[in-house]
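See below for the structure under consideration.
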Amino acid sequence: MTTRTASVQRHPDADRVPAALQLEGVSKHYGRSPGVVALELTIAAGELVTLIGPSGCGKSTTLRLAAGLDRPDAGIIRVAGEVVADGRRFVDPERRRVGLVFQDHALFPHLTVARNVEFGLDRLTRSERRVRTGDVLDLVQLSHLANRYPHELSGGEQQRVALARALAPRPAVVLLDEPFSSLDESLRAQVRRDTVATLRETGTTGVLVTHDQTEALSVGSRVIVMRNGVIEQADVPEKVFEQPATRFVASFMGDADFLPARVHRALLTCEIGIVSTVPGWANSDVDVDVVLRPHEVSLRPDPDASARVSAVEYQGAFVLHHVRLASGRTLRSWQPHTVRHPVGTAVAVSVAAGTTPTLLLGDQAITSPPPNGSLKRNQPTPSS
Ligand code: ADP
217 MTTRTASVQR HPDADRVPAA LQLEGVSKHY GRSPGVVALE LTIAAGELVT
267 LIGPSGCGKS TTLRLAAGLD RPDAGIIRVA GEVVADGRRF VDPERRRVGL
317 VFQDHALFPH LTVARNVEFG LDRLTRSERR VRTGDVLDLV QLSHLANRYP
367 HELSGGEQQR VALARALAPR PAVVLLDEPF SSLDESLRAQ VRRDTVATLR
417 ETGTTGVLVT HDQTEALSVG SRVIVMRNGV IEQADVPEKV FEQPATRFVA
467 SFMGDADFLP ARVHRALLTC EIGIVSTVPG WANSDVDVDV VLRPHEVSLR
517 PDPDASARVS AVEYQGAFVL HHVRLASGRT LRSWQPHTVR HPVGTAVAVS
567 VAAGTTPTLL LGDQAITSPP PNGSLKRNQP TPSS
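Position one of the sequence shown corresponds to residue 217 (our numbering), numbered consecutively onward.
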């Protein structure tokens, strides 16, 4: 039996260039509560990863440790190959080659845009500072506002200044802590696109913390899902969504329903019938849970069916139908905006053709049968 593990996306220069950021066995506790526990995380030069998880899972702690705003209790942190924190060494934040962008922008209100950007360039000569400031303001298209003060800028412009300030000293990695969450919905998408474009254009390595699943999936070349101070899955967005490694990732990254199911002679069946074939499981007889997402569940009115539509939510482009099965369990199904089966409609439920659903044994996804080929629900489930 294999459980899914994170695959590391390699930068083309990965063999020559040291990782932009590396955390090796890093732990940080606050009293008894775990901030992060034995964290292993390597971010290659040029990667843009997103960090997501429920509130309190350790996202900010990870950024604070990387930035040097907190000291780890254990482990080693490297920035561009240089040890910046371990049992003996601790490099101060301003000496770490780490740029920071916060939700509230944290600009100095009494300094102009240009002065804000120049702030971290104290090791350059005056003329070098001026040139570099001009370059990064050009990059974020704010040169025309160089002499304004932060309160004279829109929220989106302030965010671009914060990004310019973070990029000015040419950091090895920029850490962005929920940088768009204080912006209006209408502005957020544009500022997000601009920020991502700037990071990619400059080849800057970035770690973006977000609580927005769509943002995590759309921005990250890799998505890191955290829970209780540990990484549950770190993988490309498609894998995190389509092949979640755990029950938690399946339910946290998008809507998911779970049904008890059985794989017998390579056929996956559950309450709604045959879900799919499972090649390679020919000799198996295993109880699992199947993960079904609303876009994978099809409905068809059928007066003889035992399932009933129990709630309907119009959401614009789609209509989310909640369906109560004979067992009392509920599945959700996305239907196009033109389709609305009234509450109480008897519906036949099936799984859309071509779906390869995730199978869970306990809380872990499995992609191949357990070694003995037979595992029934009344037997203890292995922990991995
Ligand atoms: P997230 O950013 O994912 O919401 P955090 O990294 O802020 O989570 O917090 C992780 C855990 O560490 C939480 O349980 C939080 O309460 C705790 N924690 C974080 N910072 C402190 C602190 N300064 N003092 C005490 N506990 C803290």
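C-beta atoms are modelled at their ideal positions from N, C-alpha and C, and glycine is treated no differently.
Exercise. Contact between the stretch 316 to 326 and the stretch 252 to 267: three or more CB pairs below 8 angstroms?
Worked result: The way I'd put it, the stretch 316 to 326 doesn't touch the stretch 252 to 267; fewer than three beta-carbon pairs between them come closer than 8 angstroms.
Exercise. Regarding Thr278 and the ligand ADP, is the C-beta to nearest heavy atom distance less than 8 angstroms?
Worked result: Within the cutoff, so yes.
For this session: Taking Asp410 as part of the alpha helix (DSSP H), name the residues at either end of that continuous run.
Result: Looking at the DSSP string, the run of the alpha helix (DSSP H) that includes Asp410 is 401 to 417.
Problem set entry | Where Ile464 falls: helix, strand or coil (DSSP) | Correcting the residue identity first, residue 464 is Phe in this sequence and not Ile. DSSP places Phe464 in helix when its eight states are reduced to three.
Exercise. Which stretch, first to last residue, makes up the alpha helix (DSSP H) that contains Thr277?
Worked result: For Thr277, the enclosing alpha helix (DSSP H) starts and ends at 275 to 283.
Exercise. Can you name, in chain order, every residue of its own chain whose Cβ lies under 7 angstroms from the Cβ of Ala222, other than the five neighbours on each side?
Worked result: For Ala222, the predicted model reports a pLDDT of 40, less than 50, meaning its position is unreliable and no value from the coordinates is stated.
Exercise. Do the stretch 379 to 394 and the stretch 336 to 351 touch if we need at least three Cβ pairs shorter than 8 angstroms?
Worked result: The answer is yes - the stretch 336 to 351 touches the stretch 379 to 394, with three or more Cβ pairs under 8 angstroms.
Exercise. Does the distance from the CB of Tyr365 to the CB of Val329 come in under 9 angstroms?
Worked result: Contact annotation: Tyr365 and Val329 have beta-carbon atoms nearer than 9 angstroms.
For this session: Consider the C-beta atom of Met469 and the heavy atoms of the ligand ADP; say whether any pair is separated by less than 8 angstroms.
Result: No, Cβ of Met469 sits at least 8 angstroms from all heavy atoms of the ligand ADP.
Exercise. Buried or exposed: which applies to Gly560, given that a residue is buried once 16 or more other Cβ atoms fall within 10 Å of its Cβ?
Worked result: Answer is exposed; the Cβ neighbour count stays below 16.
For this session: Give the range of the alpha helix (DSSP H) segment to which Val456 is assigned.
Result: Residues 453 to 458.
Problem set entry | Extent of the continuous alpha helix (DSSP H) to which Gln374 belongs | Gln374 -> alpha helix (DSSP H) spans 371 to 383.
Problem set entry | Beta carbon of Phe464 nearer than 9 angstroms to that of Gln429 | It is not a contact, given that the beta carbons lie outside the stated cut-off.
Exercise. Considering only residues of the same chain and omitting the five flanking positions on each side of Val494, which have a CB-CB separation below 6 angstroms?
Worked result: Same-chain partners within the cutoff: Val479, Ala482, Leu484.
For this session: Using 8 angstroms as the cut-off, classify the Cβ of Ser271 as near or not near the heavy atoms of the ligand ADP, replying yes or no.
Result: Correct: Ser271 has its Cβ closer than 8 angstroms to the ligand ADP.
Problem set entry | Distance, Gln459 Cα to Ile440 Cα | C-alpha separation (whole angstroms): 14 angstroms.
Exercise. Does the ligand ADP have a heavy atom nearer than 8 angstroms to the CB of Val252?
Worked result: Under cutoff, so the answer is yes.
Exercise. For Asn363, does the count of other Cβ atoms within 10 angstroms reach 16, so buried, or fall short, so exposed?
Worked result: The residue in question, Asn363, is exposed, as its Cβ has fewer than 16 Cβ neighbours within 10 Å.
Exercise. Does at least one heavy atom of the ligand ADP sit under 8 angstroms from the Cβ of Gly284?
Worked result: When distances are taken from the beta-carbon of Gly284 to the heavy atoms of the ligand ADP, even the shortest one reaches 8 angstroms or more.
For this session: Rounded to whole angstroms, what's the CA-CA distance from Val456 to Ala301? Just pull it up for me.
Result: Between Val456 and Ala301, the C-alpha separation is close to 30 angstroms.
Exercise. Hey, is Val465 close to the ligand ADP, as in C-beta under 8 angstroms from one of its heavy atoms?
Worked result: Val465: no, Cβ never under 8 angstroms from the ligand ADP.
Exercise. Under a Cβ-count criterion, where at least 16 other Cβ atoms within 10 Å of its own Cβ denotes burial, should Phe206 be classed as buried or exposed?
Worked result: A query on residue 206 cannot be resolved here, the shown segment of the chain reaching from 217 to 600 and no further.
Problem set entry | Contact under 9 angstroms by Cβ, Leu391 with Gly372 | In terms of Cβ geometry, Leu391 and Gly372 do not form a close pair [threshold 9 angstroms].
For this session: Give me the Cα-Cα distance between Thr349 and Gly291, rounded to the nearest whole angstrom.
Result: Straight-line Cα distance between these residues: approximately 36 angstroms.
Exercise. Looking at C-beta atoms only, is the number of pairs between the stretch 494 to 504 and the stretch 547 to 556 that lie closer than 8 angstroms three or more?
Worked result: Under the Cβ criterion (8 angstroms, minimum of three pairs), the stretch 494 to 504 does not count as touching the stretch 547 to 556.
Problem set entry | Contacting residues, own chain, Cβ-Cβ under 7 angstroms from Leu515 (five flanking each side not counted) | Correct list, in chain order: His537, Val539, Ser549, Gln551, His557, Val563, Val565.
Problem set entry | C-alpha distance - Glu431 paired with Gln319, whole-angstrom precision | Glu431 and Gln319: Cα-Cα distance of roughly 15 angstroms.
Exercise. How would you write the range of the beta strand (DSSP E) that Leu547 sits in, first residue to last?
Worked result: Residues 546 to 552.
Problem set entry | Secondary structure of Arg478, DSSP reduced to three states | Note: Arg478 maps to strand in three-state DSSP.
Problem set entry | alpha helix (DSSP H) segment containing Val333, residue limits | DSSP places Val333 inside the alpha helix (DSSP H), whose first and last residues are 329 to 334.
Exercise. The ligand ADP heavy atoms versus the CB of Val425: any closer than 8 angstroms?
Worked result: Here the distance from the Cβ of Val425 to the nearest heavy atom of the ligand ADP is below 8 angstroms.
For this session: For Ser276, count neighbouring C-beta atoms within 10 Å of its own C-beta (all shown protein chains included) and say buried if the count is 16 or more, exposed if not.
Result: It is buried - the Cβ of Ser276 has at least 16 other Cβ atoms within 10 Å.
Exercise. Which value, in whole angstroms, describes the spacing of the CA atoms of Ile582 and Trp497?
Worked result: Straight-line spacing of the CA atoms in Ile582 and Trp497 works out to 12 angstroms.
Problem set entry | Neighbourhood of Thr571 by C-beta, 6 angstroms cutoff - its chain only, sequence neighbours within 5 removed | Scanning its chain for C-beta atoms nearer than 6 angstroms, with the 5 sequence neighbours on each side dropped, one finds around Thr571 the residues Glu512, in chain order.
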